[in-house]
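Be aware that the sequence shown starts at 1, since it is given in full-length UniProt numbering, and climbs by one per residue. Idealized CB from N, CA, C, for every residue including glycine. Notes follow the structure.
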Amino acid sequence: MKPSILTHLAHAGRASAVDGGQPVNPPVVRASTVLFDSVAQMREMRSRRGSERLFTYGARGNPTAFALEDMVTELEAGYRTRLFPSGLAAAAMTLLAYLRPGQHVLLPDCVYEPVRKLAEGFLAQHGIAASFYAADGHDLQARLRRETRLVYVEAPGSLAYEMCDLPAIADIAHRHGALVAADNTWGSGLLYQPLALGADISLMAATKYLSGHSDVMMGTVCTLEAAWPALAAVADAFGISVSPDDAYLVQRGMRSLGARLSQHERSALAVAHWLRTRPEVAEVFCPALPGDPGHALWQRDCHGTNGLLSFALRAVAPDAAERFIDSLALFGIGASWGGFESLAVIADMRGARSVTDWSGRGQVIRLHIGLEDVDDLLADLARGFEVIGGGRVAGRALEARLDTA
Ligand SMILES: *Cc1c(COP(=O)(O)O)cnc(C)c1O
């Protein structure tokens, strides 16, 4: 029997033995220069490094980074993985690896906003056209162009967590001769497996749940074998590498990925169900909730949910969302998510969407539910509703909390 991925996360990427015994974790190997025994050996190693992973120079990676690459490859069930200095860099290099001037990429309306800006700015300036399809993918076929070479997917999407039918999208893209790249940051490899669902390339911001402690930036790209050479070539050409200290931190975070995600899921579901009972809330965006438009696809394709959810306020006062967030004591106000702590931000849905019309809908708040006690978080959110008015103070009385089992 093949061990579960949770077992692998605890056992993979160990150090090799040194005299006296074997440490559990790999050493942090800092290196630019790597020495060879002879000119002939150096020549021979360099002749093979285009296709094999060899420790020949720091810019191609180091043993600490290789251990992390292997853990990510196992998690994503792909062929090989490269590391990038941030999730955005991983997305940008993916676009550059598979697109040439004159070609076209289709991006989902729910794409992480800096990727939208990259496509509209840098890619356009370099002759690569980009356009957008609906977050649920229903209009993909109609939006394909003769020059479409890449279909980019993000499921669930940023901010409103729309689901799409990745196997169906991959089928349409492949029949058209286009590759499929998926942003798997939400799924973090455990909750969603794009490569098994038809994608050729899966990328993640390891900055989020893989590292899990809000103290390191990193991106990963894992591909199927056929898509690998183009990705490796662009990473080598741009001299992209990460610090072994950062690789070590991400690997260390991944040891507890399963345990952290289960806790994030439990608390986020409790908050999501509670928000649905609040009179101040117009809509909760979380595909794990029954009744969510993406719930059936989430049930089919995902293996759980994480700490993310958004909700729209009924309030029309233009500063309601801002006053709500400012009143929270336990939710930090800051970018990113996936760490151990709770965060709240305003989601500017009108700026983040071009295919879907968000005008006329309420202000949206995006929460990341951290590892704090969920009753404390609910009491804090109840205070927020009290500040914006219209709601009864729930305090610590959590009678409205539903059983999420
Ligand atoms: C945060 C995020 C990224 C970018 O990751 P960074 O490491 O912050 O650059 C990419 N995609 C998604 C969906 C994200 O949430």
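Test item: CB-CB of residue i and residue j under 8 Å
i      : j      : result
Leu308 : His368 : yes
Ala154 : Tyr112 : The amino acid at residue 154 is misidentified as Ala; the sequence shows Glu. Yes, Cβ-Cβ distance for Glu154 and Tyr112 is below 8 Å.
Gly351 : Leu313 : no
Ala178 : Val221 : no
Leu261 : Leu195 : no
Arg300 : Ile388 : no
Met218 : Ser51  : no
Ser241 : Ala59  : yes
Glu211 : Gly253 : The sequence shown places Ser at residue 211, rather than the Glu named in the question. The answer is yes: Cβ separation under 8 Å.
Gln193 : Leu371 : no
Tyr79  : Leu203 : no
Tyr161 : Cys286 : yes
Ala235 : Arg82  : yes
Val180 : Ala205 : no
Pro244 : Ala89  : no
Leu106 : Leu140 : yes
Met71  : Leu144 : no
Three-state secondary structure (DSSP) of residue i
i      : result
Val393 : A caution first: Val393 carries a pLDDT of 41, below 50, which makes its placement in the model too unreliable to give a value.
Phe385 : helix
Leu402 : Its pLDDT being 40, under 50, Leu402 is placed unreliably in this model, and the value from its coordinates should be taken loosely. Three-state DSSP puts Leu402 in coil, outside helix and strand.
Glu283 : strand
Val180 : strand
Glu52  : coil
Thr81  : strand
Gly334 : coil
Glu154 : strand
Thr185 : coil
Arg116 : helix
His213 : coil
His11  : helix
Leu159 : coil
Phe122 : helix
Ala173 : helix
Ser47  : helix
Leu297 : helix
Leu289 : coil
Pro26  : coil
Leu377 : helix
Glu372 : coil
Arg361 : coil
Pro194 : coil
Gly58  : helix
Ala168 : helix
Cα-Cα separation between residue i and residue j, rounded to whole angstroms
i           : j      : result
Glu120      : Arg43  : 43 Å
Lys117      : Ser354 : 12 Å
Leu159      : Trp298 : 16 Å
Phe270      : Val374 : This sequence places Ala at residue 270; Phe is not what is there. Each residue's alpha carbon lies about 8 Å from the other.
Asp19       : Gly239 : 35 Å
Thr148      : Leu96  : 14 Å
Asp215      : Arg146 : 43 Å
Ala233      : Leu68  : 20 Å
Ala296      : Met163 : 9 Å
residue 409 : Ser16  : Residue 409 lies beyond the range of the chain shown here (1 to 405); nothing can be said about it.
Ala12       : Val28  : 16 Å
His104      : His176 : 12 Å
Asp403      : Glu283 : Confidence at Asp403 is low in this model, with a pLDDT of 41, below 50, so the placement of that residue should be treated as unreliable; the coordinate-derived value is given next. Taking the straight line joining both Cα atoms gives about 20 Å.
Ile5        : Arg255 : 11 Å
Thr56       : Ala77  : 26 Å
Ile346      : Ala168 : 32 Å
Phe132      : Met93  : 19 Å
residue 460 : Asp183 : No statement about residue 460 is possible, as the shown extent of the chain runs from 1 to 405 and does not include it.
Pro108      : Gly137 : 7 Å
Gly334      : Val250 : 21 Å
Ser342      : Gly332 : 6 Å
Ala226      : Thr277 : 49 Å
For residue i: DSSP bridge partner residues
i      : result
His104 : Ala129 and Thr148
Met204 : Thr220
Leu367 : Leu309 and Ala344
Val18  : Gly21
Boundaries (first-last residue) of the alpha helix (DSSP H) holding residue i
i      : result
Met71  : Pro63 to Glu76
Asp37  : Counting along the chain, Asp37 falls outside any alpha helix (DSSP H), and DSSP gives it neither H nor E.
Leu96  : Gly87 to Tyr98
His273 : Leu257 to Arg276
Arg323 : Ala320 to Ser327
Arg252 : Pro244 to Met254
Asp236 : Trp228 to Ala237
Met1   : Here Met1 belongs to no alpha helix (DSSP H), and DSSP marks it neither H nor E.
Leu140 : Leu140 to Arg143
Gly350 : The amino acid at residue 350 is misidentified as Gly; the sequence shows Arg. It spans Met349 to Ala352 - the alpha helix (DSSP H) in which Arg350 sits, taken as one unbroken run.
Near ligand 2: residue i beta-carbon under 7 Å from a heavy atom
i      : result
Tyr112 : Ligands in the displayed structure: ligand 1; ligand 2 is not one of them.
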